[in-house]
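Asker: Reading the sequence shown from the start, the letters are residues 0 to 390 in numbering that gives the first Met the number 0.
We put the CB at the ideal spot given by N, CA and C, even for glycine.
In this text the structure is predicted, and so the values were computed from the model without any measurement.
Here it is: the structure, laid out below.
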Amino acid sequence: MNEFQEYYYSHPYARELDTFVLSCHACKEGYEIVLKDTIFYPEGGGQPCDKGTIQGITVLDVQRKEDKIVHILKQPLPLGEKVHCVINWEHRYDLMQNHTGEHIFSGLVKKLYGYSNVGFHMGEYICADFQGELTEEMIQEVERRVNHAIWANLSVNEIFCTPSETGKYEYRSKIEIAGITRIVSIDGYDMCACCGMHVSHTGEIGVCKVINFEKTGNKTRVFLLSGRKAFDYLNHIQQENSKISKLLSANPLEISSAVSDLGQRYLDLQKSYRQLSTEIMLKDAKQIPMYDAILYTALLADYEAMRVFCNQCIKKGISTVMVIAKNEIGYAYVIMSENVDLQSIRAEFNTRIHAKGGGNGEMMQGSCTATPTEISGAFTTLTGATMHIVS
Ligand SMILES: [Zn+2]
Numbered sequence: 000m001n002e003f004q005e006y007y008y009s010h011p012y013a014r015e016l017d018t019f020v021l022s023c024h025a026c027k028e029g030y031e032i033v034l035k036d037t038i039f040y041p042e043g044g045g046q047p048c049d050k051g052t053i054q055g056i057t058v059l060d061v062q063r064k065e066d067k068i069v070h071i072l073k074q075p076l077p078l079g080e081k082v083h084c085v086i087n088w089e090h091r092y093d094l095m096q097n098h099t100g101e102h103i104f105s106g107l108v109k110k111l112y113g114y115s116n117v118g119f120h121m122g123e124y125i126c127a128d129f130q131g132e133l134t135e136e137m138i139q140e141v142e143r144r145v146n147h148a149i150w151a152n153l154s155v156n157e158i159f160c161t162p163s164e165t166g167k168y169e170y171r172s173k174i175e176i177a178g179i180t181r182i183v184s185i186d187g188y189d190m191c192a193c194c195g196m197h198v199s200h201t202g203e204i205g206v207c208k209v210i211n212f213e214k215t216g217n218k219t220r221v222f223l224l225s226g227r228k229a230f231d232y233l234n235h236i237q238q239e240n241s242k243i244s245k246l247l248s249a250n251p252l253e254i255s256s257a258v259s260d261l262g263q264r265y266l267d268l269q270k271s272y273r274q275l276s277t278e279i280m281l282k283d284a285k286q287i288p289m290y291d292a293i294l295y296t297a298l299l300a301d302y303e304a305m306r307v308f309c310n311q312c313i314k315k316g317i318s319t320v321m322v323i324a325k326n327e328i329g330y331a332y333v334i335m336s337e338n339v340d341l342q343s344i345r346a347e348f349n350t351r352i353h354a355k356g357g358g359n360g361e362m363m364q365g366s367c368t369a370t371p372t373e374i375s376g377a378f379t380t381l382t383g384a385t386m387h388i389v390s
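And the structure:
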């Protein structure tokens, strides 16, 4: 049961503490250590545990076991001795900024749209699951209001109440609490039962940014960042945007239209390249010497152009035509033949060159990771045809 007597509740901004070792027992991961008091928050309520050291030894994990806070260390600590504890403040303060930011966000979603927060996880991003469908506009409105609450620098208060007193308050809660309930209250925005760590004033959050959201069934998962983590994320985005704007010689605030123009130019060029490659292939088809079977390497992996080339060669009187061209997987191939029943060899051929493809008795095509030599070799083995390389 959590009675909220630990040092980190009464001193949420304490970074160091001298205390005594009450117990030290060997466990699977090393040693389980219980201290007289602690500044280490144990994992719980969606918030990860604190990081840091005790007597210079790294704390691997912190868990609540019944009414005790257990610290896991690789090395033992002397029973009854005074030890010096230091928490990783940057890590803790990130969690405080992000936890309070999430409370305001979830409180506003409940207030504006009536959807409860039904899941909460603090990892690389803060994930909050809401029992309802939130649109982009709804999320933007919540985000705007969260930042107003941050700039108003409201105080974040704790209310401790016994089961008989909880009825006095209207607050968000995921579970029934048997003992003392700690309600974290931000006037006008949120009241929520919580055992996690929070900043004392909303201004300390700095900024809250929605990074992404996704719908899963009738729920919406929102990915959030607040405080330093939000700043670092936005800074990263800004640096990337700056690089792109320099590469495109475009105004950073109008980067999407510059990228869209570039995309269109690429499509136009691709079209021209395709036309040109097809023209070259058709010109080559006219000049190719007469063999019974040929292997031609095309400039562009375009199945339609490759089939047109094969047709031209077959019309000329070449019995078997194989065209290959480099693609994003490895090689694309098209084979046409007048005297080989391609349907009968297709499955075996594709298996030998690890290809995926289709076709009929006269034509087959596909894509594979095999080399041109392996592709023509597999065909020769199955049909006995001698492939003459013509490009
Ligand atoms: Zn909370």
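Hey, could you find the ends of the beta strand (DSSP E) Met289 is sitting in?
Answerer: Within the sequence shown, numbered from 1, the residue matching residue 289 stands at position 290. Neither: Met289 is in no beta strand (DSSP E) and is coded neither H nor E.
Asker: Tell me whether the stretch 184-194 and the stretch 211-223 touch, counting them as touching only if at least three CB pairs, one residue from each stretch, are closer than 8 Å.
Answerer: Taking 8 Å as the limit for Cβ pairs, the verdict is that the stretch 211-223 does not touch the stretch 184-194.
Asker: Beta carbon of Phe348, beta carbon of Ala377: below 7 Å?
Answerer: Residue numbering aside, residue 348 sits at position 349 when the sequence shown is read from its first letter. Residue numbering aside, residue 377 sits at position 378 when the sequence shown is read from its first letter. In this structure, Ala377 lies closer than 7 Å to Phe348 by Cβ.
Asker: Here's a check: name, in chain order, each residue in its chain whose Cβ is nearer than 8 Å to the Cβ of Ala316, leaving out the five neighbours to either side.
Answerer: The residue you call residue 316 lines up with position 317 of the sequence shown. Per the sequence shown, residue 316 should be read as Gly rather than Ala. Hits under 8 Å: Met289.
Asker: Using the three-state DSSP reduction, which class does Ser199 fall into: helix, strand or coil?
Answerer: Along the sequence shown, read from residue 1 onward, the residue named residue 199 stands at position 200. In the structure shown, Ser199 sits in coil (DSSP, three-state: anything other than H, G, I, E or B).
Asker: Suppose you measure from the CA of Tyr30 to the CA of Phe3; what does that come to, to the nearest Å?
Answerer: For the purposes of this step, residue 30 is taken as residue 31 along the sequence shown, with counting starting at 1. For the purposes of this step, residue 3 is taken as residue 4 along the sequence shown, with counting starting at 1. Taking the straight line from one Cα to the other gives about 25 Å.
Asker: List, from N- to C-terminal side, the beta strand (DSSP E) runs of 3 residues or more that fit wholly inside the stretch 8-80.
Answerer: As far as the stretch 8-80 is concerned, its whole beta strand (DSSP E) runs of at least 3 residues are 15-26, 29-34, 51-53, 56-64, 67-72.
Asker: If we ignore side chains and look at the alpha-carbon of each, how far apart do Pro162 and Pro251 end up?
Answerer: Position 163 of the sequence shown, counting from 1, holds the residue named residue 162. Position 252 of the sequence shown, counting from 1, holds the residue named residue 251. Rounded to the nearest angstrom, the two C-alpha atoms are 55 Å apart.
Asker: For Ala369, report the span of its beta strand (DSSP E) as first-last.
Answerer: Start at 1 with the first residue of the sequence shown, and residue 369 comes out as number 370. Looking at the DSSP string, Ala369 is not in any beta strand (DSSP E), and its letter there is neither H nor E.
Asker: So which residues touch the region around ligand 1, with touch meaning a C-beta under 5 Å from any heavy atom?
Answerer: Residues with a Cβ closer than 5 Å to any heavy atom of ligand 1, in chain order: Cys193, Gly195.
Asker: How many Å lie between Ile86 and Gly55 at the Cα?
Answerer: Within the sequence shown, the letter at position 87 stands for residue 86. Within the sequence shown, the letter at position 56 stands for residue 55. For Ile86 and Gly55, the distance between alpha carbons rounds to 11 Å.
Asker: To the nearest angstrom, how far is it from the Cα of Met196 to the Cα of Met95?
Answerer: Along the sequence shown, read from residue 1 onward, the residue named residue 196 stands at position 197. Along the sequence shown, read from residue 1 onward, the residue named residue 95 stands at position 96. Their Cα atoms are separated by approximately 5 Å.
Asker: Excluding the 5 residues flanking Ser184 on each side, which residues of the same chain have their C-beta closer than 7 Å to its C-beta?
Answerer: As a working mapping, residue 184 is identified with position 185 in the sequence shown. Closer than 7 Å at Cβ, skipping near neighbours: Asn156, Ile158, Met190.
Asker: With DSSP as the reference, identify every bridge partner of Lys245, one or two as the case may be.
Answerer: By one-based count along the sequence shown, residue 245 stands at place 246. Paired residue(s): none; Lys245 is not in a bridge.
Asker: Select from Thr368, Tyr302, Gly178, Asp291 the residue whose C-alpha is nearest the C-alpha of Thr379.
Answerer: Taking the sequence shown and counting its residues from 1, one reaches residue 379 at position 380. If we check each option's Cα against that of Thr379, Asp291 comes out closest.
Asker: Quick check on DSSP: helix, strand or coil for Cys126?
Answerer: Your numbering for residue 126 matches position 127 in the sequence shown. Reduced to three states, the DSSP call for Cys126 is strand.
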